[in-house]
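Here is the structure we will look at, set down as structure tokens.
There are 2 protein chains.
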Amino acid sequence: MKWQELEQENCSLARAMAVVGDRWTLLVLREAFLRVRRFDDLQERLGIARRVLTERLRHLVDHGVLEKVAYSQTPLRHEYRLTEKGLGLYPVIIGLVHWGDAHYAGKKGPPLLHRHKACGHDFRSVVTCSECGEPVDARSVTSHPGPGARAGEWDGRLTD
Amino acid sequence: MKWQELEQENCSLARAMAVVGDRWTLLVLREAFLRVRRFDDLQERLGIARRVLTERLRHLVDHGVLEKVAYSQTPLRHEYRLTEKGLGLYPVIIGLVHWGDAHYAGKKGPPLLHRHKACGHDFRSVVTCSECGEPVDARSVTSHPGPGARAGEWDGRLTD
DNA sequence: TCGATTAAGTCTTGAATTAAGACTAAGTCA
DNA sequence: TGACTTAGTCTTAATTCAAGACTTAATCGA
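First to last, the sequence lines map onto chains A and B. One rule links them: number in the working numbering = place in the first sequence (from 1) + 1298. One rule links them: number in the working numbering = place in the second sequence (from 1) + 1298.
As structure tokens, then:
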């Protein structure tokens, strides 16, 4: 299967991966969340090949994850900002960061802490259920076909 | 920068991406969460090149995300199961799925629903603060260096 | 017994993608 | 005018991937 064919799959994860699923994109978005928005800054901080960065930024703009905004008219210069759709990826980023913290931080602890402005504490992210508010993990969930499931593509494996 | 150099970076996201950040790995893990655990089943359902699947599974086993477990002695056959560390990626997967649902589901709705066993409802994942329990989004968080930050690698941009 | 089947890979080849860094274009600054 | 800045484009060699044929070792069915 070619990469962009993923977009056609009847799976929200596959469709999301078609947008942000390559080796560099989430790192570019990390920088965007850290307010690094300019081409040269991104290139230097990430060590990414310029051609690849060009292509990724275009892809993200095309998919509405970033938008290209002029920050100077003379000379005309642009920066890349997260859209609302892009900000919606925060749970993914923070989830990966906390997984990395849990398994790869050295003895001293994580390199970066995250503070919740509202309560003032450094926190870990906790995934909870939108319906009952309790924490959710892999073992407490079952999956079943939704209204958008394509006929014939469900094999019943998960109906336990 | 080469891919595996990411592991050396002083950033939990980069370290996490070094393990699960390529085009296929999260799709392989999606299948693992859906209890698809055998080589041929994974290969067929994903349409991934067999050589690449071999390499990814080895990588995930090497990093303790999956473990290779014998399910038959004669003939000797193995399957790939999520470890506790692998189960810890559930927030990332569900975050991507819900982002995909929000932005790429068709008119009919998402292809797959997720039910919280404890309360019995289909749910969306909500990321909350471990300290105060309130929902958290990108705008309600600031980041600052933690105990594991390497001297000289922090540039102060985020201390707002 | 013997051929077919199954599972889990390995191998080969051509195509696509990436890393690294030189080069370019357009405008500003001293 | 000449140096500098920003945001790219271009080139080349190395790496990775897609597709699918092939392999190995054991079981199954006739």
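Ideal placement from N, C-alpha and C gives every residue a C-beta, glycine not left out.
How would you list, in chain order, the residues of chain B whose beta-carbon sits under 7 Å from the beta-carbon of residue i?
{"i": "Arg1313 of chain A", "result": "Gly1398, Tyr1402"}
{"i": "Ala1436 of chain A", "result": "Phe1331, Leu1385, Tyr1388"}
{"i": "Val1463 of chain A", "result": "Any property of residue 1463 of chain A remains undetermined from this structure, which presents chain A solely from 1299 to 1458."}
Considering only their Cβ atoms, is the gap separating residue j from residue i smaller than 9 Å?
{"i": "Lys1408 of chain B", "j": "Pro1373 of chain A", "result": "It should be noted that the sequence gives Pro, not Lys, for residue 1408 of chain B. No, the Cβ-Cβ distance between Pro1408 of chain B and Pro1373 of chain A is not below 9 Å."}
{"i": "Asp1420 of chain A", "j": "Glu1329 of chain B", "result": "no"}
{"i": "Thr1426 of chain A", "j": "Val1434 of chain A", "result": "yes"}
{"i": "Val1395 of chain A", "j": "Leu1394 of chain B", "result": "no"}
{"i": "His1357 of chain A", "j": "Lys1366 of chain A", "result": "no"}
{"i": "Leu1311 of chain B", "j": "Leu1325 of chain A", "result": "yes"}
{"i": "Glu1305 of chain B", "j": "Arg1313 of chain B", "result": "yes"}
{"i": "Tyr1378 of chain B", "j": "Arg1448 of chain B", "result": "no"}
{"i": "Gly1319 of chain B", "j": "Arg1321 of chain A", "result": "yes"}
{"i": "Glu1432 of chain A", "j": "Cys1417 of chain B", "result": "yes"}
{"i": "Met1299 of chain B", "j": "Gly1345 of chain A", "result": "yes"}
{"i": "Leu1385 of chain B", "j": "Ala1436 of chain A", "result": "yes"}
{"i": "Ser1441 of chain A", "j": "Arg1413 of chain B", "result": "yes"}
{"i": "Lys1383 of chain B", "j": "His1401 of chain A", "result": "yes"}
{"i": "Gly1404 of chain A", "j": "Cys1309 of chain B", "result": "no"}
Give a yes or no on whether 9 Å exceeds the smallest Cβ distance from residue i to chain A.
{"i": "Arg1354 of chain B", "result": "no"}
{"i": "Pro1373 of chain B", "result": "no"}
{"i": "Trp1379 of chain B", "result": "Looking at the sequence provided, one finds Arg at residue 1379 of chain B rather than Trp. Not closer than 9 Å to any Cβ of chain A, the Cβ of Arg1379 of chain B fails to qualify, so no."}
{"i": "Ala1246 of chain B", "result": "As shown, chain B starts at 1299 and ends at 1458. That puts residue 1246 of chain B outside it, with no answer to give."}
{"i": "Leu1464 of chain B", "result": "The first residue shown for chain B is 1299 and the last is 1458, placing residue 1464 of chain B beyond what the model contains."}
Looking at chain B, is there any beta carbon in it that lies within less than 9 Å of the beta carbon of residue i?
{"i": "His1357 of chain A", "result": "no"}
{"i": "Glu1265 of chain A", "result": "An answer regarding residue 1265 of chain A cannot be provided, because it is not within the stretch 1299 to 1458 covered by chain A."}
{"i": "Asp1320 of chain A", "result": "yes"}
{"i": "Val1395 of chain A", "result": "yes"}
{"i": "Arg1336 of chain A", "result": "no"}
Identify the contact partners of residue i in chain A, using a Cβ-Cβ distance below 8 Å as the criterion.
{"i": "Glu1429 of chain B", "result": "His1414, Cys1417, His1419, Asp1420, Phe1421"}
Along chain A, in chain order, which residues have C-beta atoms closer than 7 Å to that of residue i?
{"i": "Thr1426 of chain B", "result": "Val1424, Thr1426"}
Can you tell me the Cβ-Cβ gap for residue i and residue j, rounded? I've got them flagged as a contact below 8 Å.
{"i": "Leu1327 of chain A", "j": "Leu1387 of chain A", "result": "6 Å"}
{"i": "Thr1381 of chain B", "j": "Leu1364 of chain B", "result": "7 Å"}
{"i": "Leu1354 of chain A", "j": "Thr1323 of chain A", "result": "It is worth fixing the name first, because residue 1354 of chain A is Arg in this sequence and not Leu. Yes, Arg1354 of chain A and Thr1323 of chain A are in contact; Cβ-Cβ is about 6 Å, under 8 Å."}
Run down chain B in chain order and give the residues with a C-beta less than 9 Å from the C-beta of residue i.
{"i": "Leu1340 of chain A", "result": "The premise fails here: Leu1340 of chain A is roughly 13 Å from chain B at the closest Cβ pair, so nothing lies under 9 Å."}
Could you tell me which chain B residues have their CB closer than 8 Å to the CB of residue i, listed as they occur along the chain?
{"i": "Leu1411 of chain A", "result": "Ser1441, His1442, Pro1443, Gly1444"}
Unbroken stretches of the beta strand (DSSP E), 3 residues or longer, contained in the region 1333-1370 of chain A
1364-1370
Of all the beta strand (DSSP E) runs that stay within the bounds of the region 1388-1422 of chain B, which reach a length of 3 or more residues?
1410-1414
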